[in-house]
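When the letters of the sequence shown are read in order and numbered with the numbering used here, they come out as residues 3 to 354.
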Amino acid sequence: MNRTWQLRDELYRVFHNWKMLLVFFALGCGLGWGASALWPAYHKATRVVFVALNPYRAYSDARFLALAKPRYSNIDNYHYWQMYQLETAIYRDPLIQTTLEHLRALDPYWNNVEAAQLRQMLDVEWRTAGRWRLIARSSDRDHAIQAVQVWSEQSALQVKEAVASARKAFMIDQQLVAAAQELQEACLREQSLTQAQQALRDWRMEAASLPQDVPLSPELRWQVYALTTAFAQDTPAWQALLERAPALDAPTQDYFEWVDQALGQYQAELELLPGQISWLETQYEQLKQRYETEANNSLGLSPNLEVEELGELQEQVVRPASTLALVGGLIGLLAWLFIEVLRVRSKERPGE
């Protein structure tokens with residue numbers, strides 16, 4: 003054995019012999035490039051579609067988006083969240099199945115192709131909103147063109163329908179908010195009128211023990227005013243009742259007659275409110291069902307999304323020359339390392 007041999011020296015020598023490293027890498031790249039000429043080529047069909055998004059309006063539909071449970075903290079996150087939503091939408095199983103059905107009607111070849119196989123043929127390239135490239139790869143030129151053509155058309159159609167549903171859901175949501183507020187106000191009105199009616203009856207019983215031909219005390223007079231004017235509405239019946247309010251120095255008897263009219267007005271409104279509340283509840287439930295339907299059909303896409311017209315089809319023959327050249331270069335490096343390892347091991351053995 004060479005007693006002066008050290009592993010550290012051998013490693014230094016190996017990794018500083020960069021000329022041989024480059025030779026093996028270049029040789030491997032050349033062999034990989036040459037192998038690409040024998041490698042089966044495939045056809046790549048591409049169609050460009052332009053996607054537009056108005057991010058400055060992201061917060062104008064905040065209520066709709068909140069119901070869709072997004073996870074974004076600023077406009078950039080919102081933007082990319084929508085782009086990923088769109089990418090997911092065009093790979094959905096129903097869309098792939100619809101695309102396959104149209105392809106089968108176009109060419110019998112697709113009868114032997116399953117949805118999973120079709121999905122593996124398809125791809126999409128994008129960086130942000132704007133230019134999206136829908137791609138189909140196949141060993142047959144016509145099949146690649148058919149796949150990308152039908153997929154792009156069905157994707158554009160279903161995305162436009164989803165965006166239309168998103169806009170409807172947004173508008174229905176505004177109606178839902180208004181309906182919920184109106185329903186709440188009606189329920190509160192019924193509760194308040196019931197309490198005011200009982201309080202006014204209690205006031206009438208208290209005032210019945212007073213002399214009827216003398217004016218009311220300021221406390222009782224302002225109490226009865228509060229129990230009537232506070233619940234008055236801008237309707238002819240209420241306005242007429244307020245105009246008939248007794249004067250400050252009117253006797254108690256005049257207030258009794260006015261209170262009876264106010265109680266009658268309360269009772270008339272309380273008889274109508276249950277029917278109004280029931281109708282508002284029905285309207286709210288109908289709007290809620292419509293919203294859920296449109297929200298589900300929206301696929302989580304924003305109402306601000308726009309998909310413009312599809313571009314022309316492009317087709318090219320692709321050989322993986324660069325990929326095989328890189329793989330060949332890596333194999334050349336591994337071969338060089340293997341040879342160097344054998345040389346190092348040979349120096350570790352005893353000499354003859």
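Heads up, the beta-carbon is just placed ideally off N, CA and C, and yes, glycines get one too.
- Cβ neighbours of C189 within its own chain (closer than 7 Å, five residues either side excluded): I279.
- Contact annotation: the stretch 143-154 does not touch the stretch 289-301, with fewer than three C-beta pairs closer than 8 Å.
- In terms of CA proximity to A180, Q285 leads the group L328, G36 and Q285.
- Per DSSP, the unbroken alpha helix (DSSP H) holding L97 starts and ends at D95 to L108.
- For D125, the uninterrupted beta strand (DSSP E) run begins and ends at L124 to E127, by DSSP.
- Take the alpha-carbon of Q200 and the one of Q186: they are about 21 Å apart.
- Taking a contact as a CB-CB distance under 8 Å, the pair A146 and A28 does not count as one, their CB atoms being some 34 Å apart.
- Comparing C-alpha distances from Q99 to each of Q84, Y80 and L124 shows the shortest one belongs to L124.
- When P248, P253, A242 and L250 are compared, the shortest CA-CA separation from Q267 is found for A242.
- L301 carries a coil assignment under DSSP once its states are collapsed to helix, strand and coil.
- Taking 8 Å as the cut-off, the beta carbon of L202 is found no closer than this to the beta carbon of T254.
- Note that the stretch 108-127 does not touch the stretch 335-345; fewer than 3 beta-carbon pairs, one per stretch, sit closer than 8 Å.
- When the beta-carbon positions are compared, V51 and L136 come within less than 8 Å of each other.
- The C-beta distance from E192 to L265 rounds to 16 Å, too long to fall under 8 Å, and the pair is not in contact.
- Ranked by Cα distance from L303, the first of N56, H45, E184 and L88 is L88.
- Excluding five sequence positions before and after G331, the CB atoms of its chain that fall closer than 6 Å to its own CB belong to F27, G30 and C31, given in chain order.
- Shown here, P253 sits in a strand according to DSSP, grouped into three states.
- Secondary structure note for R246: it is in no alpha helix (DSSP H), with a DSSP letter that is neither H nor E.
- A residue is called buried once 16 or more other Cβ atoms fall within 10 Å of its Cβ, and T101 is buried on that count.
- A distance below 6 Å between beta-carbons, with the five flanking residues on each side excluded, links E127 to the following residues of its chain, in chain order: R135.
- Our two residues, W112 and E184, have alpha carbons roughly 55 Å apart in a direct line.
- With respect to E296, A171 sits close: the two C-beta atoms are nearer than 8 Å.
- Around the beta carbon of R133, fewer than 16 other beta carbons sit within 10 angstroms, so the residue counts as exposed.
- Look at Q316 here: in three-state DSSP terms it is strand.
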